[in-house]
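Engineer: Going by this note's numbering, the first residue of the sequence shown is number 2, and it counts up by one from there. I'd like to ask you about the structure that follows.
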Amino acid sequence: MRGWAPSGALASTVEITAASVQRGDVIQVGGQPCRVIDLFQLPQGAKQLVLESGELLTMHPRSRFEALRMARRR
Numbered sequence: 002m003r004g005w006a007p008s009g010a011l012a013s014t015v016e017i018t019a020a021s022v023q024r025g026d027v028i029q030v031g032g033q034p035c036r037v038i039d040l041f042q043l044p045q046g047a048k049q050l051v052l053e054s055g056e057l058l059t060m061h062p063r064s065r066f067e068a069l070r071m072a073r074r075r
């Protein structure tokens, strides 16, 4: 995985669920920051996240994580 470090862009910590996760969110997995690069809808509201490292993470519909979300420019 490429080393990720926050830049001067505005970022905020948000609570994410399977319904609110977005590409670009950075979550901590095993103490390491991992960026979500793709996601797939699974049955019954679950989502499978593809992380920048190539790993897959499945979020149950009731899972909650804290994530770092970069402010989007308009």
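No residue lacks a Cβ here, since even glycine has one placed at the ideal position from N, Cα and C.
On a Cα-Cα basis, can you pick out the residue from E56, E53, K48 that is closest to S64?
Structural biologist: Nearest option by C-alpha distance: K48.
Engineer: Using only the alpha-carbon positions, how far apart do F41 and M60 sit?
Structural biologist: For F41 and M60, the distance between alpha carbons rounds to 10 Å.
Engineer: Starting from V14, follow its DSSP beta bridges and name the residues at the other end.
Structural biologist: With the sequence shown as reference, residue 14 is identified as Thr, and Val is not the correct amino acid for it. Per DSSP, L69.
Engineer: Tell me the rounded alpha-carbon separation between L58 and Q45.
Structural biologist: Between L58 and Q45, the C-alpha separation is close to 16 Å.
Engineer: Mind checking whether A12 and L69 have CB atoms under 8 Å apart?
Structural biologist: Going by C-beta atoms, A12 is nearer than 8 Å to L69.
Engineer: Leaving aside the five residues before and after A72 along the sequence, list all residues of the same chain whose C-beta is less than 6 Å from its C-beta, in chain order.
Structural biologist: Counting only Cβ-Cβ distances below 6 Å, and skipping sequence neighbours, we find L11.
Engineer: Tell me which same chain residues have a C-beta within less than 7 Å of the C-beta of G55, skipping the five on either side of it?
Structural biologist: Hits under 7 Å: none found.
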